[in-house]
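See structure below.
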Amino acid sequence: MINPKDLEQLPIEESETIPSEWYFKKDIFNVEKKYIFSKSWHLVGSESRIPDVGNTFIAEILNQSIILVRQKDNTIKAFYNVCQHRGGPILREDCSVKTFQCKYHGWRYNINGSLNSTREFNGVKNFNDEDYKLKSINLKFFLGLIFINFSKDLNSLELKIQEIKKLISPIDLSKYKYHSRVSYNIKCNWKTYIDNYLEGYHIPFVHPKLNKLIDYKLYTTELYDSYSLQWVPIDPDLSPYQKNKQSTNKAFYLTIFPNILLNIAPGRLQTNIIDPISENTCVVHFDYYFENLNEESLKNDFDFSEEIQQEDIQICQEVQKGLESNGYDKGRISVKSEKGLHHFQSILKRYLSNG
Numbered sequence: 003m004i005n006p007k008d009l010e011q012l013p014i015e016e017s018e019t020i021p022s023e024w025y026f027k028k029d030i031f032n033v034e035k036k037y038i039f040s041k042s043w044h045l046v047g048s049e050s051r052i053p054d055v056g057n058t059f060i061a062e063i064l065n066q067s068i069i070l071v072r073q074k075d076n077t078i079k080a081f082y083n084v085c086q087h088r089g090g091p092i093l094r095e096d097c098s099v100k101t102f103q104c105k106y107h108g109w110r111y112n113i114n115g116s117l118n119s120t121r122e123f124n125g126v127k128n129f130n131d132e133d134y135k136l137k138s139i140n141l142k143f144f145l146g147l148i149f150i151n152f153s154k155d156l157n158s159l160e161l162k163i164q165e166i167k168k169l170i171s172p173i174d175l176s177k178y179k180y181h182s183r184v185s186y187n188i189k190c191n192w193k194t195y196i197d198n199y200l201e202g203y204h205i206p207f208v209h210p211k212l213n214k215l216i217d218y219k220l221y222t223t224e225l226y227d228s229y230s231l232q233w234v235p236i237d238p239d240l241s242p243y244q245k246n247k248q249s250t251n252k253a254f255y256l257t258i259f260p261n262i263l264l265n266i267a268p269g270r271l272q273t274n275i276i277d278p279i280s281e282n283t284c285v286v287h288f289d290y291y292f293e294n295l296n297e298e299s300l301k302n303d304f305d306f307s308e309e310i311q312q313e314d315i316q317i318c319q320e321v322q323k324g325l326e327s328n329g330y331d332k333g334r335i336s337v338k339s340e341k342g343l344h345h346f347q348s349i350l351k352r353y354l355s356n357g
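Have a look at this one:
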């Protein structure tokens with residue numbers, strides 16, 4: 003299925019891109035789900051979406067439905083959205099609850115996941131409530147963002163978080179407030195979208211307005227263990243973003259392997275979650291956070307972001323067709339401008355090799 007030669011780690015000067023079939027073969031996609039996504043941290047949203055006790059929201063990750071719920075002690079817990087009786091759904095929509103009730107046979111659960119009551123279960127022997135509590139999921143928090151991990155063998159998230167906080171200092175994202183989510187269905191493999199994000203090489207040809215905003219000659223990429231940072235100065239006179247006392251007049255683009263993107267601009271954080279749907283489709287969720295939720299000042303930001311995103315969608319869908327073409331297999335990588343892409347593909351190979 004995977005040629006061992008394609009997993010070789012080479013310096014960027016000697017590297018080719020990963021084989022084109024990795025972007026459209028179903029068996030490759032299934033291997034990625036098993037050995038990458040099932041073991042990785044996933045960004046699901048903002049703590050501010052559930053401010054009060056009993057507030058819930060539902061997330062869908064890798065075809066797994068998940069409930070996040072605010073507890074009585076103000077903490078947050080995550081559970082699989084599945085009743086332990088016969089697999090029925092607990093919630094169908096975001097809501098506020100005192101207890102959970104299965105939509106299939108009416109079993110009730112407390113918001114801490116413990117079994118509250120069953121219906122018509124007299125006569126059932128050797129039944130222990132503790133065995134039928136909701137199945138919980140690992141959680142971590144970063145500057146008001148919620149991350150989950152399905153694996154019991156957790157890789158470290160705390161170290162990455164502390165490093166990232168230093169890199170973007172003096173910006174304090176914990177002061178930013180959640181505004182809204184916009185989602186896009188895109189006809190490309192999840193890696194096609196990530197590859198595009200990981201380099202500014204395409205900006206002069208794909209994003210004319212963005213190219214005027216930034217100082218392309220100073221576009222910089224920094225590499226770390228399992229994430230990368232791109233940053234570039236922006237022209238404050240052309241900026242569509244809010245004026246910010248902490249602003250360094252730079253845009254930061256963080257990629258946390260495998261599929262979490264953080265776009266940090268003056269006064270605004272935009273998180274991108276790249277949800278792999280199939281071998282050649284993905285959904286990209288944009289969550290917007292602002293230091294100042296002044297609606298008038300947000301319009302320019304939203305309009306500019308939408309224009310850039312539509313340009314990215316067009317090129318990513320065109321590139322996906324190119325990757326599936328009989329006329330292409332592997333390419334080469336720019337040492338100057340595509341080291342973020344090489345870094346990402348090297349981590350990908352490492353995960354698949356270890357799998």
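Here our numbering is used: the first residue of the sequence shown is 3, the next is one more, and so on.
Ideal Cβ positions, reconstructed from N, Cα and C, are used throughout, including at glycine.
These numbers come from a predicted model, not from an experiment.
Reference residue i; option with closest CA among the options
| i | options | result |
| --- | --- | --- |
| S50 | G146, F259, L169 and N296 | G146 |
| I14 | L263, L117, H345 and L350 | H345 |
| Y290 | F31, L263 and I150 | L263 |
| G342 | W24, P6, F259 and M3 | F259 |
| F306 | C104, N251 and S241 | S241 |
| E16 | N356, S348 and L354 | S348 |
| R72 | Q66, I60, L64 and I315 | I60 |
| Y178 | T101, L225, I170 and R270 | R270 |
| S48 | S299, L70 and K252 | L70 |
| L215 | I310, S327 and N328 | I310 |
| D174 | F304, L9, T19 and T250 | T250 |
| N265 | L295, N118 and Q232 | Q232 |
| H181 | I38, F304, K28 and D8 | F304 |
| Q316 | C190, S280 and R183 | C190 |
| P91 | K167, E10, N198 and R110 | R110 |
| E132 | N151, T120 and E10 | T120 |
| L169 | V99, K252, H107 and S327 | K252 |
| L45 | F149, E122, W24 and D29 | F149 |
| F81 | S327, S116 and H87 | S116 |
Secondary structure of residue i, DSSP reduced to three states
| i | result |
| --- | --- |
| F207 | helix |
| G115 | coil |
| K142 | strand |
| L159 | coil |
| R270 | strand |
| E122 | coil |
| I52 | coil |
| F102 | strand |
| I14 | helix |
| Y255 | strand |
| N151 | strand |
| W109 | coil |
| P278 | strand |
| S22 | helix |
| L231 | strand |
| L45 | strand |
Residue i burial status per 10 Å Cβ neighbour count (16 or more: buried)
| i | result |
| --- | --- |
| P268 | buried |
| S42 | buried |
| C284 | buried |
| C85 | buried |
| R334 | exposed |
| V126 | exposed |
| V337 | exposed |
| E308 | exposed |
| E293 | buried |
| C97 | exposed |
| P278 | buried |
| Q164 | exposed |
| N128 | exposed |
| G329 | exposed |
| Y106 | exposed |
| G324 | exposed |
Start-to-end residues for the alpha helix (DSSP H) that takes in residue i
| i | result |
| --- | --- |
| I262 | Premise fails: I262 lies in the beta strand (DSSP E), I262 to A267, not in any alpha helix (DSSP H). |
| V321 | E297 to L325 |
| I349 | K341 to N356 |
| E224 | Taken as a continuous stretch (DSSP letters only), E224 belongs to no alpha helix (DSSP H), being part of the beta strand (DSSP E) at T222 to L225. |
| E132 | Note, E132: premise wrong, no alpha helix (DSSP H); not H, not E. |
| T194 | W192 to Y199 |
| K127 | Per DSSP, K127 belongs to no alpha helix (DSSP H) and is neither H nor E. |
Element boundaries [beta strand (DSSP E), containing residue i]
| i | result |
| --- | --- |
| K338 | First-last for K338: undefined, no H or E at that position. |
| E62 | T58 to I63 |
| F413 | There is no way to answer for residue 413, as the model of the chain reaches only from 3 to 357. |
| I92 | Here I92 belongs to no beta strand (DSSP E), and DSSP marks it neither H nor E. |
| L70 | Q66 to R72 |
| D289 | T283 to F292 |
| K79 | I78 to Y82 |
*Let me know the alpha helix (DSSP H) ranges lying completely inside the stretch 160-187, each 4 residues or longer, listed in chain order.*
160-170
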